[in-house]
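2 protein chains.
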Amino acid sequence: MDQELHFGFRLFSTDRAARQGEITTAHGIVRTPAFMPVGTQGALKGVHWQEVREAGADIVLANTYHLMLRPGAERIAELGGLHRFINWPHPILTDSGGFQVMSLADLRKVDESGVTFRSHLDGAVVELSPECAIEIQALLGSDIAMQLDECLALPADPAEVERAMRLSLRWAERCKRAFGSAPAGRALFGIVQGGDRRELRVESARALAGMEFDGYAIGGLAVGEPQDVMLATIEEVVPHLPAERPHYLMGVGTPDDILAAVARGIDMFDCVLPTRNGRHGLAFTRFGPINLKNARHANDARPLDADSRCPAARDYSRAYLHHLMKANEMLGAMLLSVVNLFYYQDLMQGIRAAIAAGNLVDFSGMIREAWARGDIAPL
Amino acid sequence: MDQELHFGFRLFSTDRAARQGEITTAHGIVRTPAFMPVGTQGALKGVHWQEVREAGADIVLANTYHLMLRPGAERIAELGGLHRFINWPHPILTDSGGFQVMSLADLRKVDESGVTFRSHLDGAVVELSPECAIEIQALLGSDIAMQLDECLALPADPAEVERAMRLSLRWAERCKRAFGSAPAGRALFGIVQGGDRRELRVESARALAGMEFDGYAIGGLAVGEPQDVMLATIEEVVPHLPAERPHYLMGVGTPDDILAAVARGIDMFDCVLPTRNGRHGLAFTRFGPINLKNARHANDARPLDADSRCPAARDYSRAYLHHLMKANEMLGAMLLSVVNLFYYQDLMQGIRAAIAAGNLVDFSGMIREAWARGDIAPL
Chain P
1 MDQELHFGFR
11 LFSTDRAARQ
21 GEITTAHGIV
31 RTPAFMPVGT
41 QGALKGVHWQ
51 EVREAGADIV
61 LANTYHLMLR
71 PGAERIAELG
81 GLHRFINWPH
91 PILTDSGGFQ
101 VMSLADLRKV
111 DESGVTFRSH
121 LDGAVVELSP
131 ECAIEIQALL
141 GSDIAMQLDE
151 CLALPADPAE
161 VERAMRLSLR
171 WAERCKRAFG
181 SAPAGRALFG
191 IVQGGDRREL
201 RVESARALAG
211 MEFDGYAIGG
221 LAVGEPQDVM
231 LATIEEVVPH
241 LPAERPHYLM
251 GVGTPDDILA
261 AVARGIDMFD
271 CVLPTRNGRH
281 GLAFTRFGPI
291 NLKNARHAND
301 ARPLDADSRC
311 PAARDYSRAY
321 LHHLMKANEM
331 LGAMLLSVVN
341 LFYYQDLMQG
351 IRAAIAAGNL
361 VDFSGMIREA
371 WARGDIAPL
Chain V
380 MDQELHFGFR
390 LFSTDRAARQ
400 GEITTAHGIV
410 RTPAFMPVGT
420 QGALKGVHWQ
430 EVREAGADIV
440 LANTYHLMLR
450 PGAERIAELG
460 GLHRFINWPH
470 PILTDSGGFQ
480 VMSLADLRKV
490 DESGVTFRSH
500 LDGAVVELSP
510 ECAIEIQALL
520 GSDIAMQLDE
530 CLALPADPAE
540 VERAMRLSLR
550 WAERCKRAFG
560 SAPAGRALFG
570 IVQGGDRREL
580 RVESARALAG
590 MEFDGYAIGG
600 LAVGEPQDVM
610 LATIEEVVPH
620 LPAERPHYLM
630 GVGTPDDILA
640 AVARGIDMFD
650 CVLPTRNGRH
660 GLAFTRFGPI
670 NLKNARHAND
680 ARPLDADSRC
690 PAARDYSRAY
700 LHHLMKANEM
710 LGAMLLSVVN
720 LFYYQDLMQG
730 IRAAIAAGNL
740 VDFSGMIREA
750 WARGDIAPL
């Protein structure tokens with residue numbers, strides 16, 4: 001770890017609203033636009049850490065909610081912090097735990113002080129306040145910490161959306177105060193809330209910008225709403241975020257979501273899709289998604305993509321991958337998860353190069369046309 | 380694939396009854412004594428093929444029973460054979476399918492012609508004759524094929540043991556005839572049966588030796604009997620096997636079983652223990668087996684073995700491995716399976732070196748003493 005590196009963000013190129021740059025952290029550089037694979041419990045499902053790196057990931061996301069419950073933030077701190085614990089010496093972003101509390105925990109009670117919930121593991125009652133969320137993330141030692149917020153599923157009652165947004169703003173202030181003058185290289189991001197209500201989103205973005213966070217996330221999207229609602233919200237919010245800070249769209253998304261959001265000024269993404277879909281037999285490829293469970297692959301000797309940078313996409317036939325999925329062999333999930341991680345990182349690399357060259361629109365058009373042409377028919 | 384390599388076996392050193400040498404096949408060299416990891420359905424559970432190779436495996440075992448039912452031997456042949464299908468260009472041994480028929484299939488009926496059973500996958504009625512077992516293994520293209528035999532669980536009725544042994548001998552002859560003059564580099568092994576009855580084991584070994592197989596396996600052991608019964612049987616059988624051919628103990632075993640069997644003249648082993656135990660949280664180490672699920676590892680920052688050749692044994696703390704097992708993360712099973720594959724292959728390498736140096740007794744003693752001393756206590 002290089003303690004001399006401080007958190008920072010530099011923009012190298014822009015192409016319309018799209019931006020290409022890099023984030024510096026104490027654990028290294030993050031090229032943006034960046035996709036962060038998700039290691040929920042301190043591991044990506046079915047993937048070795050060196051494969052995550054070989055795929056091209058500069059940064060990964062870990063879930064504070066899961067890690068605080070098991071093995072515990074204090075334990076990870078005693079073991080030298082999360083980077084050492086999981087043996088990933090590169091940048092790590094942790095969420096605040098708020099999102100998983102809302103989606104996984106039972107008996108949650110949200111009030112001004114924070115959220116009280118029962119652990120989904122053992123039913124223990126746990127309290128999570130803004131100050132506590134910051135302390136836990138400090139114990140984990142993540143490079144980028146997130147404020148505690150309240151995230152609602154959409155559609156939601158408008159009054160509820162407003163209440164949750166304002167509560168999240170007050171929690172943002174408390175998180176900022178608790179974070180204080182951060183240790184060298186660590187950063188804290190605020191999270192824009194406000195559901196699908198434009199005026200609330202703008203108010204949230206402006207208020208957070210006034211608090212001078214190190215970066216700004218858009219939360220509460222990709223929670224069930226149509227893509228056009230998500231994109232319209234991004235278009236409303238981004239102009240109100242400080243341009244000199246990274247913009248992070250939480251929990252997104254499909255390759256198409258990423259192309260569309262980058263074009264609207266988003267710099268960072270995280271999503272479980274590469275590994276989750278890989279486990280279920282779905283490969284992301286230049287030819288669009290390919291479902292390896294489909295019987296049409298049973299006799300197909302072709303690799304997924306002979307020109308891929310990913311060994312797993314080149315070295316195994318579709319017939320073998322189909323067999324592994326049908327036989328429920330772990331190796332099928334493992335290979336397809338790696339294929340998908342490479343695909344996502346190669347997509348990000350293509351996006352960065354396209355922005356630098358000023359041709360993101362053409363690049364995105366070509367990518368989408370190739371998806372639309374679909375898989376090449378078997379011989 | 381080097382078609383000029385023919386199957387062969389050379390002995391380089393002996394140390395009392397122990398032997399060190401190498402098998403040549405069309406797909407490369409197998410150093411003996413050899414441990415063959417098991418890729419039941421054409422994959423090791425939780426392990427990438429390059430990890431199997433990096434661990435030091437020269438040869439793997441694949442199960443004919445599973446592959447004939449799914450994806451089917453004809454399909455694998457159409458796809459270029461098993462080596463290409465699984466992308467393992469090195470030697471492969473296939474069993475005959477008989478053992479799994481006995482242990483997995485329903486409604487099996489054994490008669491002179493062969494065995495009829497219902498697939499455990501879809502209930503389809505399948506017939507497996509000696510000739511059919513040879514044909515299927517030829518379609519798979521394995522380097523070493525096994526005769527069809529009837530394997531009983533022990534203890535078994537003595538008359539049943541004798542009947543099954545004699546039937547297996549008649550099937551051995553039919554397999555030999557069906558195998559004919561094998562394609563260059565392919566080999567067929569006979570299987571000694573006879574349960575725990577010495578005179579039947581000797582009769583079986585002598586009769587098979589008279590048929591001039593390329594190698595000789597001892598089957599029907601490690602099926603529930605005590606270790607001393609297994610070792611006594613090996614001691615009875617080995618002197619009756621041709622010394623100039625490899626001796627293979629099927630389905631064995633623990634590291635201790637392997638040390639004991641090598642000392643009695645066994646050259647080849649296969650077992651699912653490295654991956655099965657790894658999936659269940661058990662690591663084989665120089666300090667004996669370590670159960671990572673045990674709570675005593677929760678705060679242990681030490682790696683499994685800082686001096687191991689295996690990255691997974693060096694790069695992750697016991698605390699992290701414990702966490703992965705408790706959290707049911709695939710990565711825990713993956714890392715411990717690799718640790719165990721390295722351990723087994725390093726044990727075989729140590730055994731080979733010890734035989735060459737003429738000090739297998741001392742080597743085995745040192746290994747067992749280190750196991751007995753156990754794990755080093757946490758600081």
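Line by line, the protein sequences give chains P and V.
For what it's worth, this note's numbering labels the leading residue of the first sequence as 1, then goes sequentially.
For what it's worth, this note's numbering labels the leading residue of the second sequence as 380, then goes sequentially.
Using N, Cα and C, we set each Cβ at its ideal position, and we do this for glycine too.
Residue i versus residue j - alpha carbon distance
{"i": "P/R118", "j": "P/Q345", "result": "36 angstroms"}
{"i": "P/A178", "j": "P/L188", "result": "10 angstroms"}
{"i": "V/I637", "j": "P/D256", "result": "54 angstroms"}
{"i": "P/L379", "j": "P/S337", "result": "Any reading at P/L379 is ruled out, since the residue's pLDDT is 46, under 50, leaving its predicted position unreliable."}
{"i": "V/F648", "j": "V/G569", "result": "15 angstroms"}
{"i": "V/A524", "j": "V/K555", "result": "11 angstroms"}
{"i": "V/E748", "j": "V/T654", "result": "25 angstroms"}
{"i": "P/A217", "j": "P/G253", "result": "14 angstroms"}
{"i": "P/V237", "j": "P/A205", "result": "6 angstroms"}
{"i": "V/Y444", "j": "P/C271", "result": "40 angstroms"}
{"i": "P/Q137", "j": "P/G224", "result": "28 angstroms"}
{"i": "P/I86", "j": "P/L140", "result": "11 angstroms"}
{"i": "V/N656", "j": "V/E506", "result": "33 angstroms"}
{"i": "V/V431", "j": "V/V417", "result": "10 angstroms"}
{"i": "P/A105", "j": "P/A124", "result": "10 angstroms"}
{"i": "V/A751", "j": "V/M745", "result": "10 angstroms"}
{"i": "V/V740", "j": "V/P618", "result": "20 angstroms"}
{"i": "P/T14", "j": "P/A312", "result": "34 angstroms"}
Same chain, Cβ closer than 7 angstroms to residue i, five either side skipped, listed in chain order
{"i": "V/Y695", "result": "P682 and L714"}
{"i": "V/N670", "result": "G660 and L661"}
{"i": "P/G219", "result": "D149, C151, I191, V192, Q193 and M250"}
{"i": "P/D300", "result": "S317, R318, A319 and P378"}
Proximal chain V residues relative to residue i, where beta-carbon distance stays under 8 angstroms
{"i": "P/K45", "result": "E708, M709 and L710"}
{"i": "P/Y316", "result": "N466"}
{"i": "P/A319", "result": "P450, R454, L458 and F464"}
DSSP beta-bridge partners of residue i
{"i": "V/M415", "result": "V/D649"}
{"i": "V/S392", "result": "V/Q399"}
{"i": "V/E506", "result": "V/T495"}
{"i": "P/R198", "result": "None, per the DSSP bridge assignment."}
{"i": "V/R410", "result": "V/E401"}
{"i": "V/M525", "result": "V/F568"}
{"i": "P/L304", "result": "Answer is none; P/L304 lacks a bridge partner."}
{"i": "V/L472", "result": "V/L440 and V/I523"}
{"i": "V/K488", "result": "V/T495"}
{"i": "V/N670", "result": "V/L661"}
{"i": "P/H247", "result": "P/Y216"}
{"i": "V/S482", "result": "Its beta-bridge partners do not exist; DSSP assigns none."}
Partner residues on chain P for residue i, Cβ-Cβ distance less than 8 angstroms
{"i": "V/N678", "result": "R75, E78 and L79"}
{"i": "V/M713", "result": "G46, H48, M330 and M334"}
{"i": "V/R449", "result": "H323, K326 and A327"}
Chain P contact residues for residue i, given Cβ-Cβ distances below 9 angstroms
{"i": "V/M481", "result": "What V/M481 touches in chain P: nothing, since even the nearest Cβ is about 21 angstroms away."}
Sequence-distant residues of its chain with Cβ nearer than 6 angstroms to residue i (five each side left out)
{"i": "P/L69", "result": "S119 and L121"}
{"i": "V/F414", "result": "F648, Y723 and M727"}
beta-carbon residue i near the ligand GTP non-hydrogen atom, thresh 7 angstroms
{"i": "P/V237", "result": "Within the structure as shown, the ligand GTP is missing, as the structure has no ligands at all."}
Chain V contact residues for residue i, given Cβ-Cβ distances below 7 angstroms
{"i": "P/L324", "result": "A422"}
Contact list for residue i against chain V, beta-carbon separation under 9 angstroms
{"i": "P/Y65", "result": "Those do not exist, as P/Y65 stays about 13 angstroms from chain V at its closest Cβ, beyond 9 angstroms."}
Same chain, Cβ closer than 8 angstroms to residue i, neighbours up to 5 away in sequence not counted
{"i": "V/R731", "result": "Q399, R410, T411 and P412"}
{"i": "V/F391", "result": "Q399, G400, E401 and A735"}
{"i": "P/E235", "result": "R264"}
Problem set entry | the region 685-702 of chain V touching the region 22-31 of chain P, judged by at least three CB pairs closer than 8 angstroms | no
For this session: Pair every Cβ in the region 91-101 of chain P with every Cβ in the region 58-69 of chain P, then say whether three or more of these pairs are closer than 8 angstroms.
Result: yes
Exercise. Are at least three pairs of beta-carbons, each pair with one atom in the region 273-282 of chain P and one in the region 384-403 of chain V, less than 8 angstroms apart?
Worked result: Proximity of the region 273-282 of chain P to the region 384-403 of chain V falls short of the contact definition, fewer than three beta-carbon pairs being nearer than 8 angstroms.
Exercise. Contact between the region 418-425 of chain V and the region 292-299 of chain P: three or more CB pairs below 8 angstroms?
Worked result: Contact between the region 418-425 of chain V and the region 292-299 of chain P is absent, because fewer than three Cβ pairs lie under 8 angstroms.
For this session: Kindly confirm or deny that the region 70-77 of chain P and the region 108-115 of chain P touch, where touching means at least three C-beta pairs closer than 8 angstroms.
Result: Here the region 70-77 of chain P does not lie against the region 108-115 of chain P, with fewer than 3 beta-carbon pairs under 8 angstroms apart.
Problem set entry | At least 3 beta-carbon pairs within less than 8 angstroms: the region 607-626 of chain V vs the region 574-585 of chain V | yes
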